[in-house]
Every structure is written in C-alpha cells, then in structure tokens.
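J.: All residue numbers for the sequence shown refer to the numbering used here, where the first residue is 1 and numbers rise by one.
The structure is given below, and queries will be raised subsequently.
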Amino acid sequence: MNRTSPSDEAVLVTSGSQSGAYQCVRSLGMHDIPVIGVANEVSAPFVSKYCEEFIPVPSPLDDWGAYRDALFDIVAERPVSTVIPCGETDAYLLSKYRGKFGEHVSLVVPSLDSLETVHDRLRLAAAAADAGVPVPRTRLLSETDDWSERVIIKSRYNLLTNDYIDSYPPATMDVTKAVIHPEPGEQPDRAAIRTELAHDPIVQEFVEKGNEYVFAALYDHGEALATFQHRQIRGNSYTGGGGVYRESVFIEELERVGRALLDHLDWHGLACIEYIEDANTGEFVLVEINPRMWQSLPVAVRAGADFPYYYWLAATGHSERIEPGYDTGVGCHRLDGELGYLVSLFRDSSPHVERPALRTTLWELLRSCIEQPSFDFAHVDDPRPLFHGVRDVLT
1 MNRTSPSDEA VLVTSGSQSG AYQCVRSLGM HDIPVIGVAN EVSAPFVSKY CEEFIPVPSP
61 LDDWGAYRDA LFDIVAERPV STVIPCGETD AYLLSKYRGK FGEHVSLVVP SLDSLETVHD
121 RLRLAAAAAD AGVPVPRTRL LSETDDWSER VIIKSRYNLL TNDYIDSYPP ATMDVTKAVI
181 HPEPGEQPDR AAIRTELAHD PIVQEFVEKG NEYVFAALYD HGEALATFQH RQIRGNSYTG
241 GGGVYRESVF IEELERVGRA LLDHLDWHGL ACIEYIEDAN TGEFVLVEIN PRMWQSLPVA
301 VRAGADFPYY YWLAATGHSE RIEPGYDTGV GCHRLDGELG YLVSLFRDSS PHVERPALRT
361 TLWELLRSCI EQPSFDFAHV DDPRPLFHGV RDVLT
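Here it is as structure tokens:
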C-alpha cells in the first residue's frame, strides 16, 4: 500500500478507551500511517498488527507530570506528526500544555478555557442554556435542600484535578463516572457524598429517558469538519453508561442541537456529546461532552465516518480532503461490554430505571449479534487484540 502521508511521521495514540484507541490504531494503519501506542502497560489496542511500536509510559492517574514528560520526550525525539487523545487525561494535558507540545507536533485540541467549560458540568449547563440547547436543571449539592423530586447526583467535573478543585492533590488526577440515584423524598448523606467524590458534586433533575444518542464531531475553530450520530441501544449498565451496542442514525433535530452547542463554544477539536431523548417532551437533552476519541468510535468508522483519519488530515493541514457523511443503520458491539450489561441486571439498581427482564435481554442481545455481526475487536485480519482482551477479562 502506498503511504498516504506526506512523510513517514507517526501518530501517537494514547490508551484511554480501549475500543476507541484500537479503532484509531486500525484506521490509521489501514491508511498506512505509522502508529506508536503509549500506555502504562500493553493493552489490546497495541498488540494490533497495525501498531508499529509500543512505548510504556507512567500512568497519568499515578503521576500526571511524569506521564506528560514521557509524551513530550517521545514527540521531541521521534518523527511524530500529531497525538490523538483517547482519554480524558490526554485531552486535559494536551490542552494545558499545547504550546509546549506544539513546538514538535500539530494538535487539534481546544484551548484550556474551552476545555474547562465542558469539563465543568455546571458551566456546561449554563453554556447549553445560552445556546438554546435543552439541559436538565443543574445545581450544586450544597445548594440543594428539596429532595422530593427524582434527581441524580454526579461529579461536577469529568476530570478531578487541582486546576479544577483547589483541595485536590496537585500531583494526581482521577476520572470518576459515579452516578448516585437517591430515593425521592429521602435526603442523602451530603457529607459522605462530598467525601466520596472529593468535591461538591452536582444534582440534576432526572429526565425520563426515551432513547440515548451520541453526537460526535471534529471542529476547526468553530467550523464543523465532520459529524456523526448513533443511538445507544445498550450501555455498560442497564442504568446507563458508555455504549456497548450502538447503531448509526441521522436525526435533523439532534444535528441542530449538537452543532448549536459546539458553534456557541467556538469549538476546536474532537467532541463526543451524549444526549437523552426526553420521553415526555421528545427533546434531546444534554448529558455531557467528552473532548476526545470515544468508546463507541468503531461504529462511526464502520458507517463511513473515519474520525481517526479525519483527525490526522486536520492536524497535518489537509482538512479539505475530509469527506463527511456516513451510512445509517450500521450496528457494532463491544462484547465485554455486552457481558457487563448482563451482569448489571444482578449488580446494579436504581429507583428511577426499571430493571429489564433477563430472558428478554438475552434474546435481544443474541438477535442483534446475528443481525449486526460487527464487533469492536473481532477482525479476521487482526485477531490478537480480541484474544488479548479475552485474556484480560478472564484474568
């Protein structure tokens, strides 16, 4: 295959979401663009035949300064064109130090101020309201006294770091996905929750869920280069979470609210926006924005929206070669996530979400695998990531 890049410069792919990272490795490799994988240990994405080299680095959650320095040493010493952020920590560090990294590589990442707006769900709710995008009523836990209605409690920040929380240890950071579903009418232990989440979290009104959707995009200083939508049919848990079975869709109103928010933010870089369809109003209600490659990336690429390649084109000054558009009705599964969904029927609980019947769930899962036999890691031409992932699950 002839190399499509103007040079032999590699792309640095971070670990983050396993499905997203593997799809980046696979997409770029199939375009004959060399890939260097980085993580604190070898994982499924980086045993792929499309990964030319793996370099171990410290974990950003243990010592983000050492992780940042390791990434910087790689781009300073090797021919690297860009870095694709697959984790929340990567999005933060590349934005915070984009001037330093920009001396050696071209990045398509937002400014730190823009990033803080989407990482801070309180600020994000205000920005969405300004953009005319539906958003649940959002306030701080410390400002909430009325517990008579159905609400959820979750971290105010996508990423816990000293830049956002003054009391947080300066050398560490963490990602929290905890969502608390308090019983209506019962006041939760606010002190215990603040201790558990290490800050004053937010309380949001509970939205009666119809369907869940993702609106994904790559932006260039306020201009959309490519967008994509999928409907999440199953998540990590029956109560919610990242998509493990999804199908590509296109809905005009979802496109409108997705673009309206990113246009209002004058966005630059990747964005994965989660929306819930309000079962009562039909509105698409904002949940959050992840400013990085996302877990459900494989369904976008299978449908024809090759975001890893688009990102490389934008970073190397070839945005005009991006051909947006994709097929609808394309489905894709993450098998270990499907297993996690089944386990959640026994493990998880919520006073707001009815637990699905096991027999019905099993039938729907099997039927979808037969009708849409596409999987994040299962590829005949590249079997090692699947076997590596299975081994990790078993051990």
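Note that the Cβ used here is the ideal one computed from N, Cα and C, for glycine as well.
List, from N- to C-terminal side, the alpha helix (DSSP H) runs of 4 residues or more that fit wholly inside the region 90-161.
T.: Entirely contained in the region 90-161, the alpha helix (DSSP H) runs reaching 4 residues are, in chain order, 98-101, 112-119, 121-130.
J.: Identify, in the order they occur along the chain, each residue of the same chain with its Cβ nearer than 6 angstroms to the Cβ of residue 147, setting aside the five sequence neighbours on each side.
T.: Taken in chain order, the residues that qualify are 187.
J.: In chain order, what residues of the same chain lie with their CB nearer than 6 angstroms to the CB of residue 267, ignoring the 5 residues before and after it?
T.: Closer than 6 angstroms at the Cβ level, and outside the excluded window around residue 267, lie 219.
J.: Comparing C-alpha positions only, which one of 243, 373, 313 sits nearest to residue 19?
T.: Nearest C-alpha to residue 19: 243.
J.: Note down, one range per segment and in chain order, each beta strand (DSSP E) of at least 3 residues found wholly within the region 209-291.
T.: Within the region 209-291, the complete beta strand (DSSP E) runs of at least 3 residues are 209-220, 223-237, 240-248, 269-278, 284-290.
J.: Assuming residue 261 contacts residue 133 under a Cβ cut-off of 8 angstroms, what Cβ separation, rounded to an integer in Å, is found between them?
T.: Right, their Cβ atoms sit about 5 angstroms apart.
J.: If I'm right that residue 86 touches residue 11 with Cβ under 8 angstroms, what's the distance once you round it to whole angstroms?
T.: Contact flag wrong, Cβ pair sits at about 11 angstroms.
J.: Would you kindly check if the distance between the Cβ of residue 16 and the Cβ of residue 62 is under 8 angstroms?
T.: No, the Cβ-Cβ distance between residue 62 and residue 16 is not below 8 angstroms.
J.: So does the region 210-225 actually touch the region 326-337, counting three or more Cβ pairs closer than 8 angstroms?
T.: The region 210-225 vs the region 326-337: no contact.
J.: Is residue 121 closer than 8 angstroms to residue 252 when the C-beta atoms are compared?
T.: Contact flag unset, no.
J.: Three-state secondary structure (DSSP) at residue 327?
T.: In the structure shown, residue 327 sits in coil (DSSP, three-state: anything other than H, G, I, E or B).
J.: Quick one: using the 10 Å Cβ neighbour count with 16 as the cut-off for buried, is residue 171 buried or exposed?
T.: Flag for residue 171 reads exposed.
J.: Is there contact here, the region 149-162 with the region 295-312, by at least three beta-carbon pairs under 8 angstroms?
T.: In short, these stretches do not touch, since the Cβ pair count stays below three.
J.: Does DSSP put residue 36 in a helix, in a strand, or in coil?
T.: Reduced to three states, the DSSP call for residue 36 is strand.
J.: Quick check: residue 25 and residue 50, are their CB atoms within less than 8 angstroms of each other?
T.: Yes. Within cutoff.
J.: Give the DSSP-derived three-state secondary structure of residue 12 in the structure shown.
T.: In this structure, residue 12 counts as strand in the three-state DSSP scheme.
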